[in-house]
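In UniProt numbering, the protein residues as written are 1 to 279.
Where a beta carbon is used, it is the ideal one built from N, C-alpha and C, also for glycine.
First the structure, in the form of structure tokens, and then the observations on it.
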């Protein structure tokens, strides 16, 4: 058993497919498949179930995953212990709020792993930066845009609210409902315009900026919030998620890079990371 095989195994678990792991590890798919087969032979167990959408770990794979992660982390720690310090290259990345902590953490992990000698600083999207992760509405004429995620918006409703029992929710159903106002949010601005036209008013119980706080207040029963349908958010308890009937609220999140300039090494690596399939 070698660390390379374990690294490929972890990549397959985290990406959910051989092709995704191959892109992350920058090698051909047959090399990933061969390493997994050798690992299964060595351990005398099946590590993955194969299906049409990719692969999923078996019980043996789930048991191996944390152990493989621990070994890989320890090997990196040993290398770091004896690695000579090198000059760090500063890189500023602008982020809008409400991108989703879970998926952004995964993207930033891949980016920093690809640029070992980089000092990453996260700043607000309106500050000077070498790159920005924004929505299409924030894009300027001096930037090229590379889509990463396409998000629908849903109403997050406390399960204690009677509105959560309805399978279909219209704009009129929001009248006089307790509401969590989150700004900046382009979808909420569009929704507010529609409600103003219809004479619909909500009772604002809190004004905040982040999706995570909004969902927390919804779970606490304070009010309804309009949030992007991020997978990690949809797992929250005590919340019912519903779309608004006959109203389509969406956003596209992507990487914005300076136009008409040569990209530096970090910008190129970030672009490659953002082009990898992501959930």
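Discussion item. Can you tell me where the alpha helix (DSSP H) holding residue 50 begins and where it ends?
Written reply: Per DSSP, residue 50 belongs to no alpha helix (DSSP H); it is in the beta strand (DSSP E), 48-51.
Fill in: Distance, residue 137 Cα to residue 186 Cα
8 Å
Worksheet entry | Spatial distance of residue 208 from residue 183 (CA atoms) | 7 Å
Worksheet item: So what does residue 202 bridge to, in DSSP terms?
Response: Beta-bridge annotation (DSSP): residue 202 is not paired with any residue.
Fill in: Own chain partners of residue 8 with C-beta closer than 7 Å, once the 5 adjacent residues on each side are dropped
21, 25, 32, 35, 36
Worksheet item: For residue 143, which residues does DSSP report across the bridge?
Response: Per DSSP, the beta-bridge partners of residue 143 are 258.
Discussion item. With a threshold of 8 Å on Cβ separation, who are the neighbours of residue 232 within its own chain once the five nearest residues in sequence on each side are excluded?
Written reply: Once the five neighbours on either side are set aside, the close Cβ partners of residue 232 are 100, 101, 102, 103.
Practice prompt. Label residue 42 either buried or exposed according to how many other C-beta atoms from any shown protein chain fall within 10 Å of its C-beta, with 16 as the threshold for buried.
Written response: exposed
Worksheet item: Name the DSSP beta bridge partners of residue 81, please?
Response: None; residue 81 has no bridge partner.
Worksheet item: Going by alpha carbons, who is nearest to residue 149 out of 229, 175, 225, 158?
Response: For the residues 229, 175, 225, 158, the minimum Cα distance to residue 149 belongs to 229.
Worksheet item: Which residue or residues does DSSP assign as beta-bridge partners of residue 55?
Response: 50
Discussion item. Given this structure, state the Cα-to-Cα distance separating residue 316 from residue 69, to the nearest angstrom.
Written reply: The structure shown does not extend to residue 316, since the chain is modelled only from 1 to 279, so the question has no answer here.
Item to complete: Excluding the 5 residues preceding and the 5 following residue 252 in the sequence, name in chain order all residues of the same chain whose CB lies nearer than 7 Å to its CB.
Response: Residues 135, 136, 147, 150 of the same chain have their beta carbon placed closer than 7 Å to that of residue 252, with the five preceding and five following residues left out of the count.
Worksheet item: Near residue 45, what residues of its chain come up, given a Cβ to Cβ distance below 8 Å and the 5 sequence neighbours on each side ignored?
Response: 58, 60
Worksheet entry | Buried versus exposed, by CB contacts within 10 Å (16 or more), residue 240 | With 16 or more neighbouring CB atoms inside 10 Å of its own CB, residue 240 falls in the buried class.
Worksheet item: Of the residues 211, 200, 161, 180, which one's Cα is nearest the Cα of residue 170?
Response: 200
Worksheet item: Counting pairs of beta carbons, one from the region 114-125 and one from the region 149-163, are three or more of them closer than 8 Å?
Response: no
Fill in: Residue(s) in a DSSP beta bridge with residue 118
89
Item to complete: Have a look at 244, 144, 51, 11 and flag the residue whose alpha-carbon is nearest the alpha-carbon of residue 261.
Response: 144
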